[in-house]
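First up is the structure itself, then whatever we jot down about it.
Numbering (my numbering), first residue to last: 6 to 256.
Okay, here's the thing in structure tokens:
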């Protein structure tokens with residue numbers, strides 16, 4: 006009898022472990038390099054911050070003579086994303102990169118040209134001496150890649166501000182996704198809207214459009230300049246630079 010009980014206990018334990026593995030509850034272990042690269046991406050690239058941690062993947066492609074890293078970032082979710090980025094350097098606490106030009110997002114997943122790559126390298130001084138005066142600094146995110154852990158972003162204020170400008174519609178879902186901050190405490194959001202395309206009364210949402218938004222440290226905003234539409238996330242670089250300039254952003 007004791008042997009039968011022991012066998013049942015072992016079988017139950019094995020079943021639990023297998024179920025945890027299947028659902029992903031055991032948790033993915035991220036490396037220091039994952040944290041370094043995702044820290045840059047989360048702050049630099051609109052739309053890259055959110056999604057399950059296990060759906061995010063960074064891979065180093067190339068290193069230049071000064072230690073810069075050229076790397077890819079993929080987000081394997083429903084809408085998905087693929088970006089190529091350049092990290093200038095990192096230290097014990099933070100990453101350093103060029104604001105607004107440290108990345109490009111591909112229109113088709115993982116599809117990009119040599120011209121895009123050459124332009125990215127040129128804008129980020131590839132193989133040139135490091136120019137620290139051109140870099141911005143961002144402290145490391147949490148080691149489990151949780152974009153919201155321990156933070157108190159003004160997401161509710163951002164969403165209310167957006168709805169005051171663009172009225173909420175039926176069958177459209179909107180979300181205010183924080184992703185960066187300035188030296189003066191401003192916060193930068195990506196407003197994502199999805200619409201229900203189901204034809205049978207169910208729920209089948211796809212991306213509708215995106216906006217960038219900047220709130221001041223006290224939650225106020227410039228009604229003329231705080232919001233700007235992005236036609237496509239693969240074209241976000243110039244729009245990102247423009248909204249920052251309009252709102253006195255200090256990276």
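Every residue, glycine too, gets a C-beta built ideally from N, C-alpha and C.
Within the same chain, show all residues whose beta-carbon is closer than 7 Å to that of residue i, passing over the 5 residues directly before and after it, in chain order.
{"i": "residue 222", "result": "189, 190 and 191"}
{"i": "residue 108", "result": "49, 50, 88, 89 and 90"}
{"i": "residue 162", "result": "220 and 224"}
From the DSSP output, which residues share a beta bridge with residue i?
{"i": "residue 100", "result": "95 and 143"}
{"i": "residue 181", "result": "196"}
{"i": "residue 186", "result": "192"}
{"i": "residue 86", "result": "80"}
{"i": "residue 109", "result": "89"}
{"i": "residue 74", "result": "68 and 92"}
Is DSSP giving residue i helix, strand or coil here?
{"i": "residue 201", "result": "strand"}
{"i": "residue 162", "result": "helix"}
{"i": "residue 65", "result": "strand"}
{"i": "residue 214", "result": "strand"}
{"i": "residue 40", "result": "helix"}
{"i": "residue 125", "result": "helix"}
{"i": "residue 249", "result": "helix"}
{"i": "residue 50", "result": "coil"}
{"i": "residue 114", "result": "coil"}
{"i": "residue 60", "result": "helix"}
{"i": "residue 138", "result": "helix"}
{"i": "residue 255", "result": "coil"}
{"i": "residue 257", "result": "Past the edges of the chain, shown from 6 to 256, lies residue 257, and the structure says nothing about it."}
{"i": "residue 45", "result": "helix"}
{"i": "residue 169", "result": "helix"}
{"i": "residue 176", "result": "coil"}
{"i": "residue 120", "result": "helix"}
Using a threshold of 7 Å, is the CB atom of residue i nearer than that to any non-hydrogen atom of the ligand NAP?
{"i": "residue 124", "result": "Summarising the ligand content, the structure contains no ligands, and the ligand NAP is consequently not present."}
Ordered along the chain, which non-local residues of its own chain (more than five positions away) have a Cβ less than 8 Å from that of residue i?
{"i": "residue 238", "result": "51, 52, 86, 110 and 215"}
{"i": "residue 213", "result": "177, 198, 199 and 200"}
{"i": "residue 167", "result": "179, 181, 196, 216, 218 and 232"}
Take residue i and list the residues in its own chain whose beta-carbon comes closer than 6 Å to its own, dropping the five residues that flank it on each side.
{"i": "residue 101", "result": "93, 94, 140 and 142"}
{"i": "residue 246", "result": "105"}
Taking contact to mean 3 or more Cβ pairs, one atom from each stretch, closer than 8 Å, check whether the segment 178-185 and the segment 118-135 are in contact. Not touching, per the Cβ criterion.
What runs of the beta strand (DSSP E), each 3 residues or longer, lie entirely inside the segment 218-249? Listed in chain order, the complete beta strand (DSSP E) runs (minimum 3 residues) inside the segment 218-249 are 232-235.
Taking three-plus beta-carbon pairs below 8 Å as touching, is the segment 32-47 in contact with the segment 56-66? Contact between the segment 32-47 and the segment 56-66 is present, because at least three Cβ pairs lie under 8 Å.
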